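Our numbering applies: residue 12 is where the sequence shown begins, and numbers increase by one.
Note that beta-carbon positions come from the ideal geometry of N, C-alpha and C, so glycine has one too.
Keep in mind the model is a prediction, meaning the values are calculated, not measured.
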Amino acid sequence: MSIYDIEVTRADGAKYLINEYKGKPMLIVNTATKCGLRNQFDGLEMLHKKYKDEGLIVLGFPSDQFGQELRNGEEAEQSCRLSYGVTFPMHDMVKVNGKEAHPLFDYLTSNSKGFLLKSIKWNFTKFLIDRDGNVVGRYSPTDSPESIEQDIQQVCEE
């Protein structure tokens, strides 16, 4: 199974396969609009705008697994758009850990190493995917989007 075989759901309920982004670098992030790290939306949006012409896709996946998100993906998306000017794709609410983890996050955590081994420890854990669909970077919630820009630049150039 590859990342491209995984189905995800946009905040509006539309389902699609990650295959839609095959050949493009991706930055996948579990988000939360009520998290103390929510200011990272600004940095994520900056990266999205700066590198979208080079193919970068930033994908936001709201999660209430840590109790810091609104009621559903649609409300989270609206908050991100209005409060932070987010224009990158936002998705339906997902679980990122445990038996009910969304297949995307199960795949991401199984193909990268984190501080808590497989588990995601908090909101705004970031995964960088290269043009071939490989997880090439996993970044902690406290790593700002700007601090990983050099890695993003590198996968965009490959």
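- Glu111 sits in coil when the DSSP states are folded into three classes, being neither helix nor strand.
- Glu56 sits buried, since 16 or more C-beta atoms from the chains shown fall within 10 Å of its C-beta.
- Under the three-state reduction of DSSP output, Phe135 falls in the coil class, being neither helix nor strand.
- Look at Ser155 here: in three-state DSSP terms it is coil, with no helix or strand label.
- The alpha carbon of Asn134 has as its nearest neighbour, out of Asn122, Asp154, Lys35, the alpha carbon of Asp154.
- Secondary structure at Thr120: helix, using DSSP grouped into helix, strand and coil.
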